[in-house]
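Numbering (my numbering), first residue to last: 1005 to 1159.
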């Protein structure tokens, strides 16, 4: 990856979700089957398209570390407001998104991604205690945040 963008990840959905979207289209086609061929085909196309758009939208969340900021979904957080990043294994990730979770935390979580990173928010004006990010490469994300913070402090 180029130095200007040390980390970029798209949290795409598993392939099985696409098959479920196709199944939703087939299911809607079966609902319209008694009304004839044309309504059945309309149900297939409309149901499949709607389900696929939903799956595509849900799987389009991105995490990026770029230009002195952490961009997670629609949130853009300056690195100056962030503290240490903690890499969470699958068991710890489940704990932090359930019984250890703080309701004030910002969470970009995807249930199909088992690992995560928890980043402290050090900005005293921000009530958010931490940022929880589901990621398939937690070590790389933590390293990218650390490297950018080190480079920021050196300049």
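Backbone N, C-alpha and C fix where the C-beta goes; we use that ideal spot for every residue, glycine too.
None of these values were measured; they are calculated from a predicted model.
Under the three-state reduction of DSSP output, residue 1030 falls in the helix class. By the Cβ rule, the stretch 1090-1099 counts as touching the stretch 1112-1131, because three or more pairs are nearer than 8 Å. The beta carbon of residue 1144 is closer than 8 Å to those of 1011 in its chain, skipping five residues each way along the sequence. In the DSSP assignment, residue 1076 falls within the unbroken beta strand (DSSP E) covering 1073-1076. Looking from the CA of residue 1063, the closest CA among 1138, 1114, 1107, 1016 belongs to 1016.
Excluding five sequence positions before and after residue 1074, the CB atoms of its chain that fall closer than 6 Å to its own CB belong to 1081, given in chain order. Membership of residue 1049 in the alpha helix (DSSP H) is indicated by the continuous run 1041-1062.
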